[in-house]
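Student:
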Amino acid sequence: MDLYSINCIHVGNRNALYSIPPEYGHEFELLANRFFPTKPANCPAFLRHKVTMISPNILEQNAIPYNKITQEKGEFIITFPFGYHSGFNYRFNMAEAIHFASPRWVEYSIPPEYGHEFELLANRFFPTKPANCPAFLRHKVTMISPNILEQNAIPYNKITQEKGEFIITFPFGYHSGFNYGFNMAETIHFASSPRWVEYGIKASLCHCRKDSVKICMDTFIKRI
Numbered sequence: 028m029d030l031y032s033i034n035c036i037h038v039g040n041r042n043a044l045y046s047i048p049p050e051y052g053h054e055f056e057l058l059a060n061r062f063f064p065t066k067p068a069n070c071p072a073f074l075r076h077k078v079t080m081i082s083p084n085i086l087e088q089n090a091i092p093y094n095k096i097t098q099e100k101g102e103f104i105i106t107f108p109f110g111y112h113s114g115f116n117y118r119f120n121m122a123e124a125i126h127f128a129s130p131r132w133v134e135y136s137i138p139p140e141y142g143h144e145f146e147l148l149a150n151r152f153f154p155t156k157p158a159n160c161p162a163f164l165r166h167k168v169t170m171i172s173p174n175i176l177e178q179n180a181i182p183y184n185k186i187t188q189e190k191g192e193f194i195i196t197f198p199f200g201y202h203s204g205f206n207y208g209f210n211m212a213e214t215i216h217f218a219s220s221p222r223w224v225e226y227g228i229k230a231s232l233c234h235c236r237k238d239s240v241k242i243c244m245d246t247f248i249k250r251i
């Protein structure tokens with residue numbers, strides 16, 4: 028997910044920055060996919076690699092507005108979420124970029140009844156990972172854009188959590204999110220009905236690490 032970014036030149040020469048308004052971010056992605064048709068197949072988020080640039084002339088030809096800013100030493104520039112930007116240095120400088128946002132947490136979750144469809148989608152986008160670990164989604168290092176979920180008819184919920192609020196997620200309801208800024212949060216797993224046992228029996232286990240959490244379901248099955 029994108030955050031705000033504050034950019035500053037500490038030492039050296041100026042920098043030229045081109046940025047696209049956030050409301051044109053989706054149109055820019057479609058344009059990039061059209062100009063580089065092989066890249067999305069290898070990585071849907073290839074624009075984040077920061078090795079692809081599109082001329083401002085092409086943006087103009089495709090009715091995508093942009094801003095050009097010249098940044099001098101000691102000046103700050105703030106870019107907005109989904110506002111793609113890039114530029115170049117006129118000569119040597121030392122600059123810094125810090126991502127930030129307001130102190131909130133945004134969580135995206137998928138209804139449990141679409142959990143299997145989400146797993147199939149993830150396997151298709153990351154075909155080498157299931158061979159190494161069938162439960163690779165449990166590693167919590169893989170994220171799929173909500174745009175891709177929409178394109179594949181997988182619904183999702185977006186929730187903004189504030190300090191002191193509780194969010195309950197359901198079994199097989201894949202979820203992920205990001206912090207807008209620093210916070211200290213806690214997650215507790217619990218079960219409240221025999222229905223949970225059904226999910227526990229079907230759950231795929233991660234065998235990548237010896238200390239990964241595994242819950243034996245035999246005890247729970249005997250109690251039903």
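This note's numbering applies: residue 28 is where the sequence shown begins, and numbers increase by one.
Cβ atoms here follow ideal geometry from the backbone N, Cα and C, with glycine treated the same way.
Quick check: asparagine 206 and serine 136, are their CB atoms within less than 8 Å of each other?
Tutor: Reading the sequence shown from its first residue, position 179 is the one you call residue 206. Reading the sequence shown from its first residue, position 109 is the one you call residue 136. Against a cut-off of 8 Å, the Cβ pair of serine 136 and asparagine 206 comes out as no contact.
Student: Who does lysine 167 pair with in a DSSP beta bridge?
Tutor: Counting from 1 along the sequence shown, the entry for residue 167 is found at position 140. Answer is none; lysine 167 lacks a bridge partner.
Student: Secondary structure at isoleucine 96, three-state DSSP: helix, strand or coil?
Tutor: Residue numbering aside, residue 96 sits at position 69 when the sequence shown is read from its first letter. Of the three classes helix, strand and coil, the one that applies to isoleucine 96 here is strand, per DSSP.
Student: According to the Cβ coordinates, are isoleucine 96 and isoleucine 33 closer than 8 Å?
Tutor: Along the sequence shown, one-based indexing puts residue 96 at 69. Along the sequence shown, one-based indexing puts residue 33 at 6. It is not a contact, given that the beta carbons lie outside the stated cut-off.
Student: What are the partner residues of alanine 124, as DSSP defines its beta bridges?
Tutor: Position 97 of the sequence shown, counting from 1, holds the residue named residue 124. Paired residues: Asn34.
Student: Which of the three DSSP states, helix, strand or coil, is assigned to glutamate 146?
Tutor: By one-based count along the sequence shown, residue 146 stands at place 119. DSSP places glutamate 146 in helix when its eight states are reduced to three.
Student: Which residues bound the beta strand (DSSP E) around isoleucine 187?
Tutor: In the sequence shown, residue 187 corresponds to position 160, counting from 1. The sequence shown places threonine at residue 187, not isoleucine. Note, threonine 187: beta strand (DSSP E), 184–188.
Student: Hey, out of Arg165, Gly110, Lys229, Trp223, whose CA is closest to arginine 250's CA?
Tutor: Walking along the sequence shown from the start, residue 250 turns up at place 223. For the residues Arg165, Gly110, Lys229, Trp223, the minimum Cα distance to arginine 250 belongs to Trp223.
Student: Could you tell me the alpha carbon to alpha carbon distance between glutamate 192 and lysine 167, rounded to whole angstroms?
Tutor: The residue labelled residue 192 in the question sits at position 165 within the sequence shown. The residue labelled residue 167 in the question sits at position 140 within the sequence shown. Each residue's alpha carbon lies about 23 Å from the other.
Student: Would you mind stating whether proline 71 and glycine 110 have Cβ atoms separated by less than 8 Å?
Tutor: Taking the sequence shown and counting its residues from 1, one reaches residue 71 at position 44. Taking the sequence shown and counting its residues from 1, one reaches residue 110 at position 83. No, they are not a contact pair.
Student: Between which two residues does the beta strand (DSSP E) holding asparagine 42 run?
Tutor: Indexing the sequence shown from 1 puts residue 42 at position 15. Its beta strand (DSSP E) spans residues 42–46.
Student: In the DSSP assignment, find the beta strand (DSSP E) that holds glycine 204 and state where it starts and stops.
Tutor: For the purposes of this step, residue 204 is taken as the residue at position 177 of the sequence shown. Note, glycine 204: beta strand (DSSP E), 202–206.
Student: Look up isoleucine 105 in the DSSP assignment and give the residues it is bridged to.
Tutor: Residue mapping note: residue 105 aligns to position 78 of the sequence shown, counting from 1. DSSP, once it has assigned bridges, lists Ile33 as partnering isoleucine 105.
Student: Relative to the C-alpha of glutamate 134, which residue among Asn40, Ile171, Asp245 is closest?
Tutor: For the purposes of this step, residue 134 is identified with residue 107 of the sequence shown, where counting begins at 1. With distances taken between Cα atoms, glutamate 134 lies closest to Ile171.
Student: How would you call asparagine 42, buried or exposed, if buried means at least 16 neighbouring beta carbons within 10 angstroms?
Tutor: In the sequence shown, counting from the first residue as 1, residue 42 sits at position 15. Classification for asparagine 42: buried.
Student: For alanine 212 and alanine 90, what's the separation of their Cα atoms in angstroms?
Tutor: As a working note, residue 212 is residue 185 in the sequence shown. As a working note, residue 90 is residue 63 in the sequence shown. Rounded to the nearest angstrom, the two C-alpha atoms are 43 Å apart.
Student: In this structure, how does DSSP classify asparagine 69 when only helix, strand and coil are distinguished?
Tutor: For this step, residue 69 is matched to residue 42 along the sequence shown. In this structure, asparagine 69 counts as helix in the three-state DSSP scheme.
Student: For glutamine 178, count the other beta carbons within 10 Å of its own beta carbon; 16 or more makes it buried, fewer makes it exposed. Which is it?
Tutor: Looking up residue 178 in the sequence shown gives position 151. Glutamine 178 is exposed by the Cβ-count criterion.
Student: Does DSSP classify histidine 53 as helix, strand or coil?
Tutor: On the sequence shown, position 26 is the one that residue 53 refers to. Of the three classes helix, strand and coil, the one that applies to histidine 53 here is helix, per DSSP.
Student: For glutamate 189, is the classification buried or exposed, using 16 other Cβ atoms within 10 angstroms of its Cβ as the cut-off for buried?
Tutor: On the sequence shown, position 162 is the one that residue 189 refers to. So glutamate 189 counts as exposed.
Student: Taking all protein chains shown into account, do 16 or more other C-beta atoms lie within 10 angstroms of the C-beta of isoleucine 181, making it buried, or fewer, making it exposed?
Tutor: Position 154 of the sequence shown holds residue 181. Counting Cβ neighbours within 10 Å, isoleucine 181 comes out buried, since at least 16 surround it.
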